[in-house]
Amino acid sequence: MDILRVLYIDDESLSCKYFKKIMGKSFYVTTADSLSEARYILSNEEPYDVIISDYRFDNDDTCENGLEFLKKYKNDESRYMLAICSAYDAIEMSLTETCIRFIPKPINYAKLSEDIKAHKRKLLSWSLIRASLVKCLG
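Numbering (the working numbering), first residue to last: 47 to 184.
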């Protein structure tokens with residue numbers, strides 16, 4: 047399996063810069079500073095494996111928060127690892143019914159890296175299961 051592709055969305059440019067610098071050592075990282083830009087990236091580039099979004103955006107004209115944005119991509123849970131990144135702990139409570147993870151700010155990059163690697167293993171195992179089924183049924 048190739049290197050995982052991670053899209054990180056945050057309207058704070060320093061947050062995007064640090065995320066790309068640290069996580070870019072292990073993963074292919076693209077950053078977006080608005081939900082509009084993220085939507086464009088997701089519709090015009092190769093698929094991403096991980097989408098991490100800040101919750102609140104002051105610079106976005108869509109009147110949408112990060113959670114609403116990510117919910118649009120959660121139907122294909124086997125494909126994406128989805129996460130909200132926020133300093134607001136109350137948001138974690140609203141995620142209990144979803145398949146969207148919560149990443150508290152400041153980000154623990156070592157833990158996040160392990161979570162992403164675990165997602166990669168999950169994708170690989172699903173690929174092997176699908177290949178076996180196709181071989182057996184085909």
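For each residue, glycine too, the CB sits at the ideal point set by N, CA and C.
Since this is a predicted model, take the numbers as computed values, not measurements.
- DSSP places residue 133 in no beta strand (DSSP E); its state is neither H nor E.
- For residue 51, the three-state secondary structure derived from DSSP is strand.
- For residue 74, the beta-bridge partners assigned by DSSP are 51.
- Annotation: the continuous beta strand (DSSP E) that includes residue 148 extends over 147-150.
- Taking C-alpha positions only, residue 53 is separated from residue 128 by approximately 10 Å.
- The residues 99, 100, 101, 130, in chain order, have a CB closer than 6 Å to that of residue 112 in the same chain once the five nearest residues on each side in sequence are set aside.
- DSSP, reduced to helix, strand and coil, places residue 80 outside both helices and strands of the structure shown, so it counts as coil.
- Taken through DSSP and simplified to helix, strand or coil, residue 100 comes out as strand.
- With the rule of 3 Cβ pairs closer than 8 Å, the segment 76-84 does not count as touching the segment 146-163.
- Distance from the Cα of residue 50 is smallest, within the candidate group 59, 57, 97, for 97.
- Note on residue 134: under 16 other CB atoms within 10 angstroms of its CB, so exposed under the neighbour-count rule.
- Counting other Cβ atoms within 10 Å of its Cβ, residue 62 reaches 16 or more and is therefore classed as buried.
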